[in-house]
Each structure stands twice: as structure tokens, then as C-alpha cells.
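Note that the protein sequences, when read in sequence, are chains A and B.
With my numbering applied, the first sequence covers 1109 to 1320.
With my numbering applied, the second sequence covers 1109 to 1320.
Beta carbons: idealized from backbone N, C-alpha and C, even for Gly.
There are 2 protein chains.
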Amino acid sequence: MSFLNDSPTSETNTRDRILAAAVKVFSNKGYHDTRVDEIVEESDTSKGAVYFHFPSKQRIFLAIVEEFTGLLEKKLLEAIEHEPDGVRRVNAALQIGLETFGKYRSIAKIFLVQAIGLGQTFEEKRLEILARFAAIIKSYLDQAVSEGDIPPLDTEVAAYAWIGAINEVVIRWVHTGQPEPERVLPTLRTVLLRSIGVSEDHIHELEQEAAR
Amino acid sequence: MSFLNDSPTSETNTRDRILAAAVKVFSNKGYHDTRVDEIVEESDTSKGAVYFHFPSKQRIFLAIVEEFTGLLEKKLLEAIEHEPDGVRRVNAALQIGLETFGKYRSIAKIFLVQAIGLGQTFEEKRLEILARFAAIIKSYLDQAVSEGDIPPLDTEVAAYAWIGAINEVVIRWVHTGQPEPERVLPTLRTVLLRSIGVSEDHIHELEQEAAR
DNA sequence: ACGAGTAGACCGACTGGTCAGTCTGTTATC
DNA sequence: GATAACAGACTGACCAGTCGGTCTACTCGT
């Protein structure tokens, strides 16, 4: 199901072929510089097929963002529910988030880069999506605070700061390939956990666990 | 000099009237949804005037970004040179950065939001600009490390994480007006200084200084 | 002191290329 | 023979950029 699976361009159904092609083109050229005809060509279908499955170019883009968002959210929640306490949940979320972005690099680029600055409609969508993720993070930060693992703080601002930090580092990587995820993860974990006041001992503990 | 001064739409020269108008329209509608004719109308000039002063729509946009970047960089360096040690410099940079974004809200929106996802040219420009700021931050993080004020860490990743965190929080504010800068600054300061391992005592000290 | 010449700054009607989306088919399957 | 799933030629709106023209201000020779 969905264009998010492993099969690259094989004998999948038309809708998914179109989406896979759209991901490729959008991630390379951005929304506005992508011609629908390029998606048509890349997907080896036809304009008719594209407009049979999607009412507009915009909706193709939104479909990609939404399916990926759904997947990411599902993975995050799955990863989180196996963890006992707030700090560990926050840590798990970070890990699975980076992992998922790493796995779907092109889509990550669409999600984090191309989806910005596209005018009203997209803007609101983006805010809504980020708000959802921020809410997830915030809730576990709150949990960690109430469990006494970290000192009280403005968890909303902290949640957005986290998202921003992750965004920027991933964007950088997506663009330049530069700091590879393996190098990034440890630093980011340390930096982010420190930022909310998790004790150094606790951080070391989590690092040990991650290393096994 | 420049459209960045206080006069809103008065008797400034044509070039600056055009830039001021462009800021207004770009920040509201984004690059692609902005028609050159809208800038013409808003600036109370003419298409001829616009294309007399700028060779293309793109260059108008770049002119805004560049002038603002220049201002921001200048302010940052100014603020920094009066501070003695690395941690204090990093702190000063954060403060002046937020302040400047706060003062030029529309331009901040253009700079942080509308400038993303616009295709090759802009993309590279953005990367270059951010790299410049990241380098500034990194150098003072490195200084703080070598002064022994903070433990060693991957300062490059940390610098980008900082930029991302600030970005996201400011973007949120620019969009929704939500967490006001006054509320954001203390949290962000604490969170960011903690993230690089500045001791709680040292953070409190800086907070005291800021409060006077 | 004055008209002619020149150039910089500006005006705005027009154009020409570009695409998103449409529409009239065609093919396969039930 | 009906319907879903396509194919691809075509169109029409939209808009960045152009281009001939105007309007000062300034210079300079007489």
C-alpha cells in the first residue's frame, strides 16, 4: 500500500507511480518549478491519468505531504508507546524521527523545504501539521516535568525549538548530504536532552542504551 | 538610507518605496503569489519605475533579503564585540537576533519563510546566508569550549540546531503572533544555553544581568 | 538669459511564452 | 454496451517583462 514502500518504479498501480514520480520531481525542483508534464513523463503515464487520479497539481503535493505525515505520526506514536517514562519517550521520538527522515530523504525534502512559502493554503496546512507534532512532543515534555525528571519550563516554546532544531539539521543534510545522520544523532540527542534540563547522568544512561 | 528605516510610505525615493511595497506584498502572499503589478500598485509608482530600478522580480526579492541580511549581520557583530567571553557573546547574539526579527516582522517572514522552497537560485542563497550565521555562532561556541565554559561538542551541528530552533519559534510568532518575543526570549535563552552545557549557575547569572 | 540638446527617471499599454487544466477520444474488462 | 481507466492534443488565462513615449532638470553655446 502507498508509494512509500520499497518498490521504486516497478509494476505498482498508476496512482502510486504518479505519486512516486511527483516526489522525485518535486523534491528536485520544488513545487512551482515542477511542471505537471514532468510528473507525467517521469511516471510513464499520461496527463489524463494524472487528472483522473488527482483534481489538481496542488492536491498531488498535498497527498504526498499527508501520506508521509500520517506515516511519521504513526511511527512516532508506535515508538513512544513502548517507552515507560517521559524522557525516554522524548528520546525515542527523536530517534525514530531522524530515522524516518533518513529513510525517505526526498520526501523529507518536500516536507521540510518545498512545503514552505507556498501561500495561504499550504502555510496553514504546514502550521497545522507542525502543531500536531509539537503537541506530541509537548505532552511528553509535560509528562517528564510532572514526573520530576526535568525542571519546569515553557514546554510549548521548547517543543517548537526542538522541531526547529531537528528541521534545520535535517534540511541541511537533505541538501548537502553533509552531517550524516549517524554523526548528527548523538549530538542532537545530547543537545536536545540537555536543553530541557535532563541531567548529564541520565543522558549518559540513554546513550549507553542506544549504543547497544 | 534603505527601506529599513522608520518612515513607512512617505517621501522616500522611488527605489525604497518599491522595496517597502515589495516587503509588504511578499510577506503577505509569498513570492509566487505576488504579482509585480501588485508591487507597482502598493508602491504608487509604475511598472516602468520598477523595471528601471530592478532587472527582474527575483532581484527585487533578493535585494530585500540581502539588505536585511546585511543589517542583521552588522547588528550581530556589533553586539558581540562588546562582550568579553564566548558564552556571553552567544547570549548577546541570541538577544539581538530575536530583537531584530521582532522589529522587522514582515521582513523576518520573507527571510525565514518566503525565501524557502523557491528553487535552485534561492536555495543556494539561503544555504549560503545561513552558513554565514552558523559560522558566527560556531566560532563563539568554539571559543566557549576552549575557554572551558562548556564541555566539548560538535559545534557545527549545535550551531545549526540553534539556528533552526530560533527560526521555528520566530516563524511561529510571525505567523500567529502567538508566543510573544518577551515570553520567548527567557525560555529560548535557558533552553539554548542549557543545550550546549552551560551550567545552571552561569545561566542564572546571565538572566540576572539581562533583567536589569 | 534662453532655446536646443541630452539624459536620467518614470509611465503604462501591450505581447508572447508558458502551463494547468480540459476534452474528445481509445482501450480493456465485466 | 457500459463503465472505469487511461491517452494526449489543445486552449485560454495569466503575467513577467518590453518598448515607445513623456516629463522634468540640467548643460552649454550663443
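Backbone CA spacing between residue i and residue j [nearest angstrom]
| i | j | result |
| --- | --- | --- |
| A1129(B) | L1180(B) | 20 Å |
| P1116(A) | D1152(A) | At P1116(A) the pLDDT is 48, less than 50, meaning the model places this residue with poor confidence; the figure from the coordinates comes in the next sentence. Between P1116(A) and D1152(A), the C-alpha separation is close to 13 Å. |
| V1292(B) | I1126(A) | 43 Å |
| I1224(A) | G1138(B) | 10 Å |
| T1177(B) | F1209(B) | 11 Å |
| G1305(A) | K1246(A) | 15 Å |
| L1220(A) | S1214(A) | 10 Å |
| Y1159(A) | D1124(A) | 14 Å |
| A1216(B) | V1282(B) | 8 Å |
| Q1228(B) | Q1203(A) | 30 Å |
| V1299(A) | P1260(B) | 11 Å |
| I1218(B) | R1280(B) | 13 Å |
| S1118(A) | F1111(A) | No answer about S1118(A) holds up, because its pLDDT of 49 lies below 50 and its placement is not dependable. |
| W1270(A) | R1197(A) | 14 Å |
| H1310(B) | N1199(B) | 11 Å |
| R1297(B) | T1284(B) | 21 Å |
| E1150(B) | F1169(B) | 15 Å |
| F1162(A) | I1244(A) | 31 Å |
| Q1166(B) | H1140(A) | 14 Å |
Residue i beta carbon near the ligand NAP (any heavy atom closer than 7 Å)
| i | result |
| --- | --- |
| G1225(A) | Looking for the ligand NAP in the displayed structure turns up nothing, as the structure carries no ligands at all. |
Exposure of residue i, with buried meaning 16 or more beta-carbon neighbours within 10 Å
| i | result |
| --- | --- |
| A1318(B) | exposed |
| A1267(B) | buried |
| Q1316(B) | exposed |
| R1234(A) | buried |
| T1295(B) | buried |
| N1121(B) | exposed |
| S1303(B) | buried |
| S1164(A) | exposed |
| L1226(A) | buried |
| D1262(A) | buried |
| K1132(B) | buried |
| S1135(B) | buried |
| A1242(B) | buried |
| G1205(A) | buried |
Alpha helix (DSSP H) segment containing residue i, residue limits
| i | result |
| --- | --- |
| E1276(A) | 1263-1284 |
| R1143(B) | Looking at the DSSP string, R1143(B) is not in any alpha helix (DSSP H), and its letter there is neither H nor E. |
| G1210(B) | 1194-1211 |
| F1230(B) | 1228-1254 |
| A1319(A) | 1308-1319 |
| G1321(B) | Since the first residue of chain B shown is 1109 and the last is 1320, residue 1321(B) is not available in this structure. |
| N1136(B) | 1122-1137 |
| L1156(B) | A small correction: the amino acid at residue 1156(B) is Gly; Leu does not occupy that position in the sequence shown. Element bounds for G1156(B): 1155-1161. |
| S1110(A) | That residue, S1110(A), is in no alpha helix (DSSP H); it is neither H nor E in DSSP. |
| E1288(B) | No alpha helix (DSSP H) contains E1288(B), which DSSP labels as neither H nor E. |
- [ ] Could you say if the segment 1266-1286 of chain B and the segment 1219-1238 of chain B meet the contact criterion of at least three C-beta pairs nearer than 8 Å?
- [x] Counting Cβ pairs under 8 Å, three or more are found: they touch.
Task: Stretch pair the segment 1247-1258 of chain A + the segment 1182-1196 of chain A: three plus CB contacts closer than 8 Å - done: Enough Cβ pairs lie closer than 8 Å, so yes.
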